[in-house]
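Residue numbers (my numbering), protein chains in the order written: chain A, 28 to 346; chain B, 300 to 558.
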């Protein structure tokens, strides 16, 4: 199997460190991880955690201070050009040229990636290119506006156009650096729907940075970084399980009897009301069945990913 | 081939950007007119008769070369501005050579400058300063060389400054003295020896003098206006072009990645 075949690592990061000129601390401090082909991988962290630094190194626009990074089997320092051919990038700040029309932006990209020869106007471009643009315009529902200056586009439309543009050279990995910052909720949702469709269709590996937790819930795996180091790495469910524990909240009219019973059963609890029973991997149903005192309140508390995230970030801040 | 197409695409984009930016289009065309008419006109009235040649024509040829040189240089420096507007990220992550990016940029900004040069010549035409067909023909390669040379000078500046702010602050300091040392508006054939040495170290001197060689060839003022042989001017420009380009590109690409 070739490098990057399904399930094989397509992004390999080993002991990556970056210290900016004149900085006293490392922006990224010896991080290592792998991303499998086809994965949706989310790099999550608060502002200033080192997300953009990491993604800049992975996409060859910034040189690492130490460590190695391989994308699709190519080294980002020694084989930068091969890496660039294999990745698509959506930057934090939009990178469209506002002086050009949407089609001209797409054409510029296509020529830069060697997909088509340069021609000074749309009409002179090869038929295959024009067909591709028509298809893109259909996807964006922009039949006519595709020849309008980008200036007239909404923020959400610009983002979608950037994603489309970044996919026309069929990248193996699509990097998105906080793509929904500055978008209204509706545009955000639209963009996510669109991105899901793209993944379903093309199977492209997606590497995303965000500080929005709800955007990380969809991920195959989440890597939480803070102050340049990895503080947690795993599936959203695993992170939730690992970092926060479920507990049961119960109460009874005869609270005294309930306490006595819990003591007898050997179930550790925090006093309330309501009483808080740590589940510690025990099945909720089994615990409830073992309690005979009539209960007036039963609640299962399952912490959200946000609780987990804040716990992690808070913990590493305390450290 | 692919790199050539990429360079063409970058150059084309620069030209489109210029043509679609109305305020920039107007100011870049109007500014040289004002200089030639106001400065050249007043200097001609004051000194023209004692110098024995038309000062407006002298100023126009100077401004022609200066505009091509400076506009190309400034255009290339706009790569920093692009970087801050994040458009150039798109260029810098594409799989094309860094040299192609810079050559494409120089080519594009040269096209923009040439458009301005045509404007200046038309203005001169209206004022009655008209090159003969042979002179006009000679001016074409001279103008192209001046633009490319300016572009390379821009790369050298670009390699040594880090931000748009630094570039806009530094630019007047590297450009303004050159106006006078290169003799854009003022004759520099009788400068004190020390100034003469500095003038010879001024890059803009060479395209200005080369332009006057093309324009004044066969005219009675030739001896008094043109300073050096075209061969000397061209040789200096060629050597500096290569030096600026190599050093500037090296520094720029290094600074891009080693932040």
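We put the CB at the ideal spot given by N, CA and C, even for glycine.
TODO: Show which residues of chain B have a CB atom less than 7 Å away from the CB atom of residue 141/A.
DONE: By Cβ distance, chain B contributes 301.
Task: residue 263/A, buried or exposed, once every other Cβ within 10 Å from all chains shown has been counted against 16 - done: Counting Cβ neighbours within 10 Å, residue 263/A comes out buried, since at least 16 surround it.
Open item on the list: Which residues in chain A have a C-beta closer than 8 Å to the C-beta of residue 305/B? List them in chain order.
Closed with: Against chain A, the beta carbon of residue 305/B has neighbours under 8 Å at 138, 139, 141 and 145, listed in chain order.
Task: Inter-residue spacing [alpha-carbon to alpha-carbon] between residue 430/B and residue 467/B - done: Within the model, the alpha-carbon separation for residue 430/B versus residue 467/B is close to 35 Å.
Task: Nearest residue (CA-CA) to residue 120/A, options 69/A, 183/A and 294/A - done: Among 69/A, 183/A and 294/A, the Cα nearest to that of residue 120/A belongs to 183/A.
Task: Within 8 Å of chain A by C-beta, residues of the stretch 314–345 of chain B in sequence order - done: So the close ones are 315, 316, 319 and 320.
Open item on the list: For residue 168/A, count the other beta carbons within 10 Å of its own beta carbon; 16 or more makes it buried, fewer makes it exposed. Which is it?
Closed with: It is exposed - the Cβ of residue 168/A has fewer than 16 other Cβ atoms within 10 Å.
Task: Close beta carbons around residue 280/A, own chain, < 8 Å, minus the five adjacent residues each side - done: 321 and 323.
Open item on the list: In the DSSP assignment, the alpha helix (DSSP H) including residue 448/B goes from what residue to what residue?
Closed with: Here the alpha helix (DSSP H) through residue 448/B covers 432–459.
Open item on the list: If you follow the beta strand (DSSP E) that residue 391/B is in, where does it begin and where does it stop?
Closed with: Segment 386–391 is the alpha helix (DSSP H) holding residue 391/B; no beta strand (DSSP E) there.
- [ ] Please name the residue, chosen from 325/A, 257/A, 313/A and 318/A, that lies closest to residue 299/A on a Cα-to-Cα basis.
- [x] Minimum Cα distance to residue 299/A is reached at 325/A.
Task: Distance, residue 54/A Cα to residue 257/A Cα - done: Rounded to whole angstroms, residue 257/A to residue 54/A spans 12 Å at the Cα level.
- [ ] Step through the CB atoms of chain A and report whether any lies within less than 8 Å of the CB of residue 499/B.
- [x] Not closer than 8 Å to any Cβ of chain A, the Cβ of residue 499/B fails to qualify, so no.
Open item on the list: Does chain B have any CB closer than 8 Å to the CB of residue 155/A?
Closed with: No, its Cβ sits nowhere closer than 8 Å to a Cβ of chain B.
TODO: Could you name each continuous alpha helix (DSSP H) segment of 4 residues or more that falls completely within the stretch 95–163 of chain A, going from the start of the chain to the end?
DONE: Qualifying alpha helix (DSSP H) stretches, in chain order: 107–113 and 129–139.
- [ ] Using a Cβ-Cβ cut-off of 8 Å, state whether residue 429/B counts as contacting chain A.
- [x] By the rule that beta-carbons nearer than 8 Å mark a contact, residue 429/B does not touch chain A.
- [ ] For residue 310/B, I'd like the list of residues in its chain whose CB is within less than 7 Å of its CB, leaving aside the five on either flank, ordered along the chain.
- [x] Excluding sequence positions up to five before and after residue 310/B, its CB lies within less than 7 Å of the CB of 403, 406, 407 and 410, all in the same chain and listed in chain order.
Open item on the list: Can you confirm whether residue 412/B, when its beta carbon is compared against all beta carbons of chain A, has any partner nearer than 8 Å?
Closed with: By this cut-off, residue 412/B is not an interface position.
- [ ] Starting from the N-terminal side, write out each stretch of the alpha helix (DSSP H) that is 4 residues or longer and does not extend beyond the stretch 189–235 of chain A.
- [x] Counting only runs of 4 or more, we get 212–229.
Task: Partners in chain B for residue 175/A, counting only beta-carbon separations shorter than 7 Å - done: By Cβ distance, chain B contributes nothing, its closest Cβ being about 13 Å from residue 175/A, past 7 Å.
Open item on the list: Once DSSP output is grouped into helix, strand and coil, what is the label at residue 306/A?
Closed with: In the structure shown, residue 306/A adopts coil according to DSSP, grouped into three states.
- [ ] Out of 317/A, 85/A and 252/A, point me to the one whose CA is closest to residue 102/A's CA.
- [x] Nearest to residue 102/A by alpha-carbon distance, out of 317/A, 85/A and 252/A, is 85/A.
Open item on the list: Can you list, in chain order, the residues of its chain with a C-beta nearer than 7 Å to that of residue 306/B? Leave out the 5 residues immediately preceding and following it.
Closed with: Annotation for residue 306/B: 399, 402, 403 and 406 place their beta carbon closer than 7 Å to its own, counting only its chain and skipping 5 residues before and after.
Task: Reference residue 246/B; option with closest CA among 485/B, 313/B and 436/B - done: Since the first and last residues shown for chain B are 300 and 558, residue 246/B lies out of range.
Task: Contacts that residue 391/B makes with chain A (C-beta to C-beta distance below 8 Å) - done: Ordered by position in chain A, the residues that pass the 8 Å Cβ test against residue 391/B are 88.
Task: Runs of alpha helix (DSSP H) lying entirely within the stretch 32–94 of chain A, each at least 4 residues, in chain order - done: Correct list: 78–85.
Open item on the list: Taking CB distances under 8 Å as the criterion, tell me whether residue 395/B reaches chain A.
Closed with: Cβ-Cβ to chain A under 8 Å: yes for residue 395/B.
Task: Residues of its chain near residue 81/A, where Cβ-Cβ distance is below 6 Å and the 5 sequence neighbours each way are ignored - done: Around residue 81/A: 55.
Open item on the list: Under 8 Å, Cβ to Cβ, is there at least one residue of chain B near residue 46/A?
Closed with: Under the Cβ criterion of 8 Å, residue 46/A is not counted among the residues facing chain B.
- [ ] Alpha carbon to alpha carbon, how far is residue 414/B from residue 448/B? Give it in angstroms, no decimals.
- [x] If you take the alpha carbons of residue 448/B and residue 414/B, they lie about 16 Å apart.
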